[in-house]
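J.: I'd like to ask some things about the structure below.
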Amino acid sequence: MVSLRSIAVLGCVFALLSTGATASAQVGRRPNLDPFRPTADTEGFLTLPGATTPGHLLGGAGVFLDYTYESLVTIDPSGASRQIDHRLSARFAGVLGLFRWGALHLDVPLVLANRGPSIDAGDVSRAGMSDPRLSARARVAGRRSEVPGVTPVGAGLAFELGSTIPVGSSRAFASENQPTFDLLAHLDYYFAPGAGLSLSLGWLFRPNDRMIFDERFDDAFLFGVGMRLPIPMVPNLTVKLEVRGSSTFTSVLTTPVEGEIGVAYGVGPVTIHGYFGTGFTDGAGAPLARAMLGLVVSRKTKDQDGDGIPDAVDKCPLLPEDFDGFEDDDGCEDPDNDGDFIMDDEDLCPDEAPPEGTDLDEDGCIDDEFR
């Protein structure tokens with residue numbers, strides 16, 4: 039006869055096994071908290087590539103070091119916690135243009151270090167590979183550049199289809215243990231060479247839900263806005279600003295939103311990036327602080343004076359354009375826009391030449407007595 043003690047022992051063993059299986063299942067169903075994917079497209083924004091494509095067989099490759107502080111802080115009602123205090127990642131990114139309207143993107147992230155308390159020993163304090171992502175992007179509307187790899191002024195629209203490969207570590211919140219798919223629309227508007235705005239909207243498809251405690255991470259809406267602005271006083275220096283996020287529309291934890299500001303400085307084919315930012319919500323993956331350094335080597339059209347106008351169409355390839363609103367697409371500085379022999383920096387009417395004999399005080403404007 040089976041004693042009550044034997045039944046109690048078997049019950050305890052079954053409970054322990056069930057708890058272990060549940061914990062193991064939860065580990066395998068964690069979301070990837072590594073959504074930051076900087077682009078190697080030097081004509082793009084930070085993570086948003088925009089609608090512009092590099093040109094046929096042009097592109098770039100780069101490496102980025104990314105540090106985040108408190109990218110995950112959540113406490114279960116039972117008192118258990120999942121927390122990532124510090125994470126250091128390296129990312130290898132590449133972009134290759136196909137024809138004048140397409141591009142392929144590759145992102146290979148590595149988690150170098152993870153530090154923070156978690157629900158079980160050795161949980162998040164792990165380094166390892168995160169899920170790589172491969173995507174294809176096609177420009178479907180807007181002005182096409184006369185020269186491959188050069189940003190056309192005006193609006194553009196592109197669609198991007200991407201997929202992750204589940205080879206990372208779910209214990210480090212760096213993999214979903216399943217492929218994910220995303221579809222994005224990129225709308226941008228460049229109001230000057232190299233200066234523009236971008237809006238990206240899309241959807242992330244998860245074949246199966248992921249979980250953090252009882253919070254469910256299902257399919258998610260993706261969004262982002264970006265701006266890039268060259269600094270005329272410092273050739274090849276561009277300021278970039280970006281805000282992006284995702285949401286399953288179920289809770290704050292499943293709605294990470296963050297933003298960064300930084301600079302990109304080009305030296306020949308090499309572009310150096312530096313950014314810092316913060317999360318705007320308590321969503322999983324939106325850190326309290328982020329810092330990133332990157333280096334991208336690109337193959338694009340030659341531009342010796344660094345004014346954003348390629349030598350092939352630059353009438354003054356060794357002298358940068360002054361971008362003063364007058365014939366800014368010819369690549370030449372225009373010190374006297376109206377040709378009245380009064381330099382623009384001293385001309386009160388730089389774009390309108392007064393008729394001969396009507397500018398007696400030589401200020402560049404028609405004198406009142408002749409109006």
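Heads up: take any position in the sequence shown, counting from 1, add 38, and you land on the numbering used here.
Each residue gets a CB set at the ideal place from its N, CA and C atoms; glycine is no exception.
This one's a predicted model, so the numbers in the text were calculated from it and none came from an experiment.
Distance check for residue 247 and residue 90, CA to CA, integer angstroms please.
T.: Looking at the two C-alpha atoms, the distance is approximately 34 angstroms.
J.: So within the segment 85-157, which uninterrupted beta strand (DSSP E) runs reach at least 3 residues, ignoring any that extend past its ends?
T.: Runs of the beta strand (DSSP E) inside the segment 85-157: 97-113, 119-136, 140-153.
J.: For the candidate residues 371, 167, 135, 137, whose alpha-carbon lies nearest to that of residue 146?
T.: Nearest C-alpha to residue 146: 167.
J.: Can you list, in chain order, the residues of its chain whose CB lies under 8 angstroms from that of residue 150, leaving out five sequence neighbours each side?
T.: 126, 127, 128, 165, listed in sequence order.
J.: Hey, residue 323 and residue 109 are a contact pair by Cβ (cut 8 angstroms); roughly how many whole angstroms apart?
T.: Sure, about 6 angstroms apart at Cβ, within 8 angstroms.
J.: Return the chain-ordered list of same chain residues with a C-beta closer than 6 angstroms to the C-beta of residue 58, the five sequence neighbours on each side being excluded.
T.: For residue 58, the predicted model reports a pLDDT of 41, less than 50, meaning its position is unreliable and no value from the coordinates is stated.
J.: Taking only three categories from DSSP, how would you classify residue 408?
T.: Of the three classes helix, strand and coil, the one that applies to residue 408 here is helix, per DSSP.
J.: What residues match up with residue 334 in a beta bridge as DSSP calls it?
T.: According to DSSP, residue 334 bridges with 100, 309.
J.: Any idea which residues DSSP pairs residue 238 with across the strands?
T.: DSSP, once it has assigned bridges, lists 224, 262 as partnering residue 238.
J.: Look at residue 83 and residue 330 and say whether their C-beta atoms are less than 8 angstroms apart.
T.: Not closer than 8 angstroms, so no.
J.: In terms of DSSP beta bridges, what is residue 296 paired with?
T.: Answer by DSSP bridge pairing, in chain order: 282, 317.
J.: If residue 97 and residue 337 are in contact, beta carbons under 8 angstroms, what's the gap, nearest whole angstrom?
T.: Contact flag correct, Cβ pair sits at about 6 angstroms.
J.: Could you name the residues of the same chain whose beta carbon sits closer than 6 angstroms to that of residue 264, not counting the 5 residues immediately before and after it, in chain order?
T.: Cβ neighbours of residue 264 beyond the five flanking positions: 83, 86, 236, 280.
J.: Residue 322 by DSSP, collapsed to three states: which one?
T.: Of the three classes helix, strand and coil, the one that applies to residue 322 here is coil, per DSSP.
J.: With which residues is residue 200 paired in a DSSP beta bridge?
T.: Partner(s): 173, 220.
J.: Residues in its own chain within less than 7 angstroms of residue 370 by CB, not counting five upstream and five downstream?
T.: The answer, listed in chain order, is 353, 354, 357, 359.
J.: Could you check whether the Cβ of residue 142 sits closer than 7 angstroms to any heavy atom belonging to the ligand FMN?
T.: Ligands are entirely absent from the displayed structure, and the ligand FMN is therefore not among its contents.
J.: Identify whether residue 63 lies in helix, strand or coil by the three-state DSSP scheme.
T.: Confidence at residue 63 is low in this model, with a pLDDT of 42, below 50, so its placement is unreliable and the value that follows should be read with caution. Helix.
J.: If you measure between the beta carbons of residue 254 and residue 218, is that distance less than 8 angstroms?
T.: Their beta carbons are not under 8 angstroms apart, which means residue 254 does not touch residue 218 by this criterion.
J.: Roughly how many angstroms lie between the CA atoms of residue 67 and residue 173, to the nearest whole one?
T.: For residue 67 and residue 173, the distance between alpha carbons rounds to 24 angstroms.
J.: Just how far apart, CA to CA, sit residue 386 and residue 396?
T.: Rounded to whole angstroms, residue 386 to residue 396 spans 14 angstroms at the Cα level.
J.: Hey, how far is the Cα of residue 242 from the Cα of residue 276?
T.: Rounded to whole angstroms, residue 242 to residue 276 spans 30 angstroms at the Cα level.
J.: For residue 301 versus residue 100, is the C-beta distance shorter than 8 angstroms?
T.: Going by C-beta atoms, residue 301 is not nearer than 8 angstroms to residue 100.
J.: Please look up how many angstroms separate the CB atoms of residue 240 and residue 222, rounded, as I've assumed it's under 8 angstroms.
T.: The Cβ separation is near 3 angstroms, so the contact holds.
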